Each structure stands twice: as C-alpha cells, then as structure tokens.
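Residue numbers (the working numbering): 9 to 327.
Structure follows, in structure tokens:
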C-alpha cells in the first residue's frame, strides 16, 4: 500500500475504497449468519458455517489477481535483491519497536482491534438477552452501522483536505467512536440502539479511512531510518500484535460473565448479567479505545511537515 500509493491524497482515496468494501464485508458477516441462525437450534449454526465457507472460497478466487505483484514491482525487486542482506525477523522486530511512531501506532491498533472484537462478539448477546429480539435484528444494527460509515466517508475526506493532517482526523473519528460506543451501554431500546450504532459507524468511517494512510507514514519513516523497504515485515508485526485483541476479548467476556452470573445457554439472564452484557458491548470497549487514542495522541510524532520530509528523502534514496 505505501509503495503503490505514495501521495497522501492517493492513500486517502485508496483507503476510502477499501473501507467501502470493508463496511460491506462487516455487514455481510453479520447479515448472512442472522438469516440462518435460530437461537437454540445447533443445526442452524452448521448451515451458517457452510454458507460462509462457500462465500469465503469465492472471495479467495477473486482475490488472487490482486495478490500478484505488478511488473514494475518485480523488476525493482530483481534489480536490488542481490544488494540486500538477509535479516532475521527478531532483528527487524527489535529495530521496528525502537521506532516511537510505530510503537504508538501498534498500541492504538491493538486496543482498536480489542474494541471491534468485543463489540462484534457482544452483538449476539446484546440482541438476545438485552433487546430480547430475534437474531435477524443483528442485521438491522449492521445496516445502521453500514449507513453511518458509508455516509461519513465523503465528510472525513473533505475534513482531511481542510486540516491536512491525517492523524488529527483519525483521532477525531476515534473520539466519535468512543462516545457512541460508551452510549451503547446506556440503552435497552432497539430504536435508540439503531441510532447510536449509526453514529458509531459515522466515527468508525473516519477512523478507518485514515488508518492505512497513517500506517503508511510509519512505513515511510522506517524507510528513511533504515534505508530499506520493509512493508511486508511491518505488516506482519501489525497482524501478529492485532491477535492480542482476541485474547483481550476472551478474557473480558469470561471475566464479566463470571462476575455477573451469566448462565450459558439460558433463555433469559438476570438483571446483573444483562448489565454485564451492556458493559462489554459498549463501555469497556470504549475505555480500551480511549487508552489507545490517548497513547497515539501523546506519542505519535509524525507531523505533516515530517511526513513530507520523509517522502523527499525516499525520492533521494530511490526507494
């Protein structure tokens, strides 16, 4: 991504396209299972899983052409591969973690991933036990999320053009997410939940669109520091660290359910258990995200001027 799209405007536009597809994927991930799942019917989960596998295989086939390197990229690699020394992953990991901006980004990204993992994992509990509705209601909430995100993207792109600072736009989107994620814990009414989900999606659109452009700035800085292109390794580190979010999700759900007396498989839950569900649906993820945004705001030091300087240095390095 940073190599293919080198100008800030290109990165934001390309990221917006990715986010549009991402929103469709997120909504589809909730919409499709909801069409097949019947609470209490284990067989319906098997049917849902088979349908999702088929869809994933079709998407994988269409993805193959996009995974191939273009001709220029291959020629550039072949021209320089003999000059590049092999480096161990541990060596590159240590060097990358000495980069202040990358550490700030990683912490923020892990906590953002924790927010999304917790909220998505909580939807089915929230709908079944708090809203006391059918699984198909999950689809309504996802449509609200999609509409909020899709409608917001032109606004965030325009705001970025005026501000000229992707990190500030991303922080603003993150703050909107935090506010409305926390409010998800306050409501037990479907209409209000739909409104809050829509507004949460509005903030998510801004945060998500700026995520890759900001990460590209981190990559640009690493190229200037090391005089090498290491996008693949940096992306690998980012993915590895994002898996921590899954651990945080499981621990949080287990802790809250144990503390509030959640009964697995029961038709209804106690008032205390419902409060616990509302907390891990909204307030707890919002707290994680708030910590991540605070760390990012405090320690991410790539200003627009610094980002521009990095691009000039990369041109001089012919990388």
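Every residue gets a Cβ at the ideal spot worked out from N, C-alpha and C, and that includes glycine.
In this text, all values refer to a predicted model and were calculated from it rather than measured experimentally.
- Within 10 angstroms of the beta-carbon of residue 255 lie fewer than 16 other beta-carbons, which makes it exposed.
- For residue 120, the enclosing alpha helix (DSSP H) starts and ends at 108-133.
- Boundaries of the alpha helix (DSSP H) around residue 209: 198-234.
- For residue 266, the enclosing alpha helix (DSSP H) begins and ends at 252-268.
- Between residue 129 and residue 261, the C-beta spacing is below 8 angstroms.
- In the structure shown, the three-state DSSP call for residue 195 is coil.
- A Cβ-Cβ contact shorter than 8 angstroms links residue 253 with residue 125.
- In the structure shown, the three-state DSSP call for residue 277 is coil.
- For residue 318, the number of other beta carbons within 10 angstroms of its own is at least 16, and it is reported as buried.
- By the neighbour-count definition (other C-beta atoms within 10 Å, threshold 16), residue 192 is a buried residue.
- Measuring C-alpha to C-alpha distances from residue 243 to each of 234, 229, 258 and 224 identifies 224 as the nearest.
- Approximately 7 angstroms separates the beta-carbon atoms of residue 149 and residue 131; this is inside 8 angstroms, confirming the contact.
- Taking all protein chains shown into account, residue 106 has fewer than 16 neighbouring C-beta atoms within 10 Å of its C-beta and is therefore exposed.
- Taking C-alpha positions only, residue 64 is separated from residue 58 by approximately 10 angstroms.
- Annotation: the continuous alpha helix (DSSP H) that includes residue 171 extends over 145-171.
- Annotation for residue 310: no alpha helix (DSSP H) segment contains it, and DSSP assigns it neither H nor E.
- When the beta-carbon positions are compared, residue 222 and residue 251 stay at least 8 angstroms from each other.
- At the C-beta level, residue 168 and residue 116 stay beyond 8 angstroms of one another.
- Contact between the segment 198-215 and the segment 151-170 is established, with three or more Cβ pairs separated by less than 8 angstroms.
- Distance from residue 312 to residue 173 at the Cβ level is roughly 5 angstroms; contact confirmed, criterion being Cβ atoms closer than 8 angstroms.
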